[in-house]
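*Asks:* Below is a structure I'd like to ask you about.
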Amino acid sequence: MKNIKWSERKRNCLFFSIFTVFFGYLFLTGEPVYVGDTFQYENQMIMREPVYALLMQFCRFISPQDPYWLIILFQNVLAVVGNTIVIAFMRKRFRLNMGVSLLFTGIVLVPHIMTPMFASTHLVLTNALMTEGILFSLYPLAFVSLLDMMWSGKPVGKKSFGTLAFFLLLSLIRGQMMVLFVVWFLVAYVLAVKNGIAVTKRTQEEKNTFVLAENIGKQGLAAVLAAVVIAFAGRSIVIHVYNYCEQGLFVDTASGKAMSFANVLYVADREDGGAIADDGLRALFYEMYDRADADRMNYKYAPSGILGRAAYHEACHDELNFTYFGEPAKRYAGETQGVYTDRYQELMIVIDAVAAELSSELMPQVFGRYILNYFYVAVLGFIRTVAYETTFLAWYALFIYAAAVVLTLLLWKRSPNSMAASFMAVVLLTIAGNVCATALMIQCISRYMIYNMPLFYMAGFLELWENYYRERHG
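Here it is as structure tokens:
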């Protein structure tokens, strides 16, 4: 037994060495990359979640003269450790041989290779001064924590609440990660129901099975729902306290409503402004709409085809948010509420409120166009999660998603306890949640989508292997 453990440690050291060479090379040959988001984090602005901003503060405290090198050192070390743990977990759970382990090692590095090569930003993720610098290392760790919880079979316990706490941490790094609360809730509830049925079979006669299982299911639902509510409330309290300590404003993260309003403005027609009751807001809408329309920043000017329409929306979104909406809205906030750029944090809160009011007035008018555009954006998000956006790869993505669903159902039919099938099911659930939630707020650019790419292909390989093994051995 000791020899087996020592041999396994030596193999894990090999993967640790591979990751050390890869990320060590990125660190030594690169430099800290200052991006548009960096300024907001280093100034603890209320538009951003607290954890990455606090990391920057800590690194400035440790190294006041050159904190950015310390940050990217931490990010690359985190990538080495995190990815090694993920591979070790997969090796142990699925008893992977060396060849498959090396394949999985390459798969988990795909986001760090694809983004510099194919994304429009060409960022080296672990050298970028942005949340992705740590999230692409923490996200796979959080996901294997979810898998460990799921395969433990216990909806309530140390592993379950540890996973929820991990998800809470990720959501305090980037709000996009709040979708993981929903994933955790669904997984925990399914486990609670399965446990209820198992208890029922052991303790009750057949005629009372459904009644007891239903009662235990309701108790499980109440428990996991309470845990998620506490997580959401805890997140809100942390952010409010953080913003109060940093900026003197006891508020939640701002800017989300402004980002989502850009999607409403994009699909609006001028006559939709007639639905806005307030004269000042109506005039503000006409001003921003006329400017945007003159520059063809509107759905009417998008090319044909799903990918073309999604790409056109993506090209317009940030300009609509920051320029065509943001600039008039700042002036409007000053004229109506006396809040100007010298009180920038408060100004962002007012602008978010303006965006929310405009959205509520316009949404009934634009709803059909909004849903259609949402569909285009989401389709592009699903494609980017597993591939690159070309017509050929769009059909490939459709095929591979369909194959994943069919293979998952097939494996579950053969064996309800199939780990590969449950792995893929949770990955598909998480992909759907991530794409659908992101498309509501902003465009589905690659770096928001590819968190789940390595997990999808690892789960897919394991499903193919399990199916092949069962075909050969029964």
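Residues 11 to 484 (this note's numbering) make up the sequence shown, in order. Think of the CB as a built atom: it goes at the ideal place given N, C-alpha and C, for glycine as much as any other residue. Given the structure is predicted, the values throughout are model-derived calculations rather than measurements.
From the DSSP output, which residues share a beta bridge with Ala-138?
*Replies:* According to DSSP, which records beta bridges pairwise, Ala-138 is partnered with Val-43.
*Asks:* Check whether the region 372 to 381 touches the region 350 to 363, taking contact to mean three or more Cβ pairs, one atom from each stretch, closer than 8 Å.
*Replies:* Flag = no, the region 372 to 381 and the region 350 to 363 do not touch.
*Asks:* Please identify the residue among Asn-273, Trp-475 and Leu-139 whose C-alpha is closest to the C-alpha of Gln-67.
*Replies:* Of the listed residues, the one whose Cα sits closest to Gln-67 is Leu-139.
*Asks:* Quick one: grab the DSSP three-state call for Asp-305.
*Replies:* Residue state, collapsed to three classes: coil.
*Asks:* Would you call Glu-41 buried or exposed, if buried means 16 or more other Cβ atoms sit within 10 Å of its Cβ?
*Replies:* So Glu-41 counts as exposed.
*Asks:* Kindly confirm or deny that the region 180 to 198 and the region 230 to 242 touch, where touching means at least three C-beta pairs closer than 8 Å.
*Replies:* Touching, per the Cβ criterion.
*Asks:* Start and end of the alpha helix (DSSP H) containing Gln-347?
*Replies:* Start and end: 336 to 347.
*Asks:* Measure from the C-beta of Lys-340 to each C-beta in chain B and report whether the shortest distance is under 8 Å.
*Replies:* You won't find chain B in this structure, because it holds only one protein chain.
*Asks:* So, with DSSP's three-state summary, where would you put Pro-77?
*Replies:* Pro-77: helix per DSSP, three-state reduction.
*Asks:* Given that a residue counts as buried once 16 or more other Cβ atoms are within 10 Å of its Cβ, and exposed if not, what is Lys-340?
*Replies:* Lys-340 comes out buried.
*Asks:* My understanding is that Glu-476 touches Ala-413, with C-beta atoms under 8 Å, so please give their C-beta distance in whole angstroms.
*Replies:* At roughly 14 Å, the Cβ-Cβ gap does not stay under 8 Å, so Glu-476 and Ala-413 are not in contact.
*Asks:* Using C-beta distances below 8 Å, list every residue in its chain close to Ser-17, excluding the 5 sequence neighbours before and after it, in chain order.
*Replies:* Nothing listed; no residue qualifies.
*Asks:* Pro-338 and Pro-121: beta carbons closer than 8 Å?
*Replies:* Not a contact, by the Cβ cut-off of 8 Å.
*Asks:* What is the residue span of the alpha helix (DSSP H) that Lys-7 lies within?
*Replies:* The chain is shown only over 11 to 484; residue 7 falls outside these bounds and no answer can be derived.
*Asks:* So, at 7 Å on beta carbons, what are the nonlocal neighbours of Ala-407 in its own chain, with the 5 sequence-adjacent residues on each side left out?
*Replies:* Here the set comprises Phe-392, Ile-393, Val-396 and Ala-397.
*Asks:* Straight-line CA distance for Ile-381 to Val-274?
*Replies:* Cα-Cα distance, rounded: 10 Å.
*Asks:* Our contact map puts Phe-271 next to Phe-332 with C-beta atoms below 8 Å; I'd like the distance itself, whole angstroms only.
*Replies:* No, Phe-271 and Phe-332 are not in contact; Cβ-Cβ is about 12 Å, not under 8 Å.
*Asks:* Over what stretch of residues does the alpha helix (DSSP H) that includes Lys-169 continue unbroken?
*Replies:* Segment 168 to 181, the alpha helix (DSSP H) holding Lys-169.
*Asks:* Excluding the five sequence neighbours on either side, which residues of its own chain have a C-beta within less than 6 Å of the C-beta of Tyr-296, listed in chain order?
*Replies:* Cβ within range, chain order: Gly-283.
*Asks:* Is the beta carbon of Val-96 closer than 8 Å to that of Val-118?
*Replies:* Yes. Within cutoff.
*Asks:* Of the choices Ala-312, Leu-317, Ala-469 and Thr-448, whose alpha-carbon is the least far from that of Phe-402?
*Replies:* Selected option, being the one with the closest Cα: Leu-317.
*Asks:* Could you check whether the region 156 to 163 touches the region 51 to 62, counting it as contact only if at least three pairs of C-beta atoms, one from each stretch, sit closer than 8 Å?
*Replies:* These segments do not touch.
*Asks:* Apart from the five residues on each side of it in sequence, which residues of its chain come closer than 6 Å, Cβ to Cβ, to Glu-54?
*Replies:* According to the sequence shown, residue 54 is Gln rather than Glu. Excluding positions up to five away in sequence, the list reads Ala-63 and Glu-256.
*Asks:* Does the contact criterion of 3 or more C-beta pairs under 8 Å hold for the region 127 to 138 versus the region 444 to 452?
*Replies:* No, they do not touch.
*Asks:* Quick check: the Cα distance between Ala-243 and Thr-115, rounded to an integer number of angstroms?
*Replies:* Cα-Cα distance, rounded: 37 Å.
*Asks:* Tell me, to the nearest whole angstrom, how far the beta carbon of Gly-530 is from that of Leu-151; I am working on the premise that it is less than 8 Å.
*Replies:* Lying outside 11 to 484, the shown extent of the chain, residue 530 is not represented and no answer is given.
*Asks:* Thinking C-beta only, is Gly-290 closer than 8 Å to Thr-351?
*Replies:* No.
*Asks:* Just mark Ala-304 as buried or exposed, buried being the case when its beta carbon has 16 or more other beta carbons within 10 Å.
*Replies:* Ala-304 should be labelled exposed.
*Asks:* With H, G and I counted as helix, E and B as strand and the rest as coil, what does DSSP make of Val-261?
*Replies:* Coil at Val-261, not helix or strand.
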